[in-house]
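Asks:
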Amino acid sequence: MNKISVLFILIIFSFSLMFAEISNVFSTIELGLEAGSEVVENKFHDYWDKGVSINSFAVVPYHYGSFELGIQYSEYKAKEGMAKDLEDISISLGWGKSIPIVNKIEWYNSVSFTNHMMKIIYTNITTSESEISLNVNSQMKYHFYKSFRLIVGIKSSTMFTFHKIDHTYYYVGVSYSINTPTFIKRFLQ
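Numbering (our numbering), first residue to last: 2 to 190.
#1: Following the continuous alpha helix (DSSP H) through I185, name the residue where it begins and the one where it ends.
#2: Give the list of continuous beta strand (DSSP E) stretches no shorter than 3 residues that lie fully inside the region 135-180.
#3: What are the uninterrupted segments assigned as beta strand (DSSP E) that are 3 or more residues long and contained completely in the region 50-93, given in chain order?
#4: Could you tell me the boundaries of the beta strand (DSSP E) in which T115 lies?
#5: Whole angstroms is fine: what's the gap from M160's alpha carbon to S129's?
#6: Return the first residue and the last residue of the beta strand (DSSP E) that E39 is part of.
#7: Please say whether K156 and Y170 have beta carbons closer to each other than 9 Å?
#8: Rounded C-beta distance between I152 and V173? I'm assuming under 8 Å.
#9: Do you know offhand how far S99's Cα is from V40's?
#10: Return the Cβ separation of N116 and G97 in integer angstroms, given the expectation that the two are a contact with Cβ distance under 8 Å.
#11: In its own chain, which residues sit with a C-beta less than 7 Å from the C-beta of K105, not counting the 5 before and 5 after it?
#12: For V60, does the count of other Cβ atoms within 10 angstroms reach 16, so buried, or fall short, so exposed?
#13: Does the beta-carbon of F188 have 16 or more other beta-carbons within 10 angstroms, so that it is buried, or is it exposed?
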């Protein structure tokens with residue numbers, strides 16, 4: 002199933018639950034940390050090994066969903082005979098929707114746009130470039146202790162370069178929710 006079909010299904014499913022939700026705009030902030038690795042190999046991996054990534058994020062409830070902000074660091078080591086490694090620091094902004102499944106378990110789906118700031122490290126020189134990607138994310142969250150959640154998910158990303166680059170990551174992580182401090186809530190509203 003291609004990404005457009007997945008995106009369409011997620012949007013339709015989210016809109017079907019939209020009118021049943023009572024929004025608590027900016028009431029909480031969910032802060033999290035995830036670690037992941039790539040699942041699928043493609044042309045990109047002819048030059049670099051599968052990457053590992055670390056992602057930090059914040060999710061804030063908004064009308065009929067949540068805004069999310071993420072910062073991710075990914076590192077790709079050059080394959081034998083290649084003279085360059087690749088580091089990617091990316092900032093993403095997106096919108097998502099949680100759907101309760103059973104007690105303590107929710108399914109969260111989101112769509113985000115990401116700005117990738119990549120550094121390519123050659124033997125004697127380092128170059129940098131910036132690219133944009135579209136991401137589709139799906140994860141299961143288990144509320145295991147008070148405001149803590151265990152997260153398991155998969156993210157598909159398409160980077161819009163001259164030769165389109167697709168990445169698919171699986172990841173695990175934890176998050177913690179807090180009530181939004183009044184001064185932050187006033188600022189956001």
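Glycine included, every Cβ here is placed at the ideal spot set by N, Cα and C.
Replies: The short version:
#1: In the sequence shown, residue 185 corresponds to position 184, counting from 1. Element bounds for I185: 183-189.
#2: 149-160, 166-180
#3: 53-63, 66-77
#4: Along the sequence shown, read from residue 1 onward, the residue named residue 115 stands at position 114. From DSSP, the beta strand (DSSP E) with T115 extends over 106-122.
#5: For the purposes of this step, residue 160 is identified with residue 159 of the sequence shown, where counting begins at 1. For the purposes of this step, residue 129 is identified with residue 128 of the sequence shown, where counting begins at 1. M160 and S129: Cα-Cα distance of roughly 16 Å.
#6: Taking the first residue of the sequence shown as 1, we reach residue 39 at position 38. E39 -> beta strand (DSSP E) spans 29-39.
#7: On the sequence shown, residue 170 is found 169 positions in, with the first residue counted as 1. On the sequence shown, residue 156 is found 155 positions in, with the first residue counted as 1. Cβ distance < 9 Å, so Y170 and K156 count as in contact.
#8: Along the sequence shown, read from residue 1 onward, the residue named residue 152 stands at position 151. Along the sequence shown, read from residue 1 onward, the residue named residue 173 stands at position 172. Right, their Cβ atoms sit about 7 Å apart.
#9: As a first step, residue 99 is located in the sequence shown; it is residue number 98 there, counting from the start. As a first step, residue 40 is located in the sequence shown; it is residue number 39 there, counting from the start. Answer to the nearest angstrom: the Cα atoms are 24 Å apart.
#10: Reading the sequence shown from its first residue, position 115 is the one you call residue 116. Reading the sequence shown from its first residue, position 96 is the one you call residue 97. That belief does not hold up - the Cβ atoms of N116 and G97 are roughly 18 Å apart, past 8 Å.
#11: The count along the sequence shown starts at 1 and reaches residue 105 at position 104. These residues qualify, in order along the chain: Y143, H144.
#12: In the sequence shown, the residue the question calls residue 60 occupies position 59. The residue is buried, with at least 16 neighbouring Cβ atoms inside 10 Å.
#13: Numbered from its first residue, the sequence shown carries residue 188 at position 187. With fewer than 16 other Cβ atoms within 10 Å, it is exposed.
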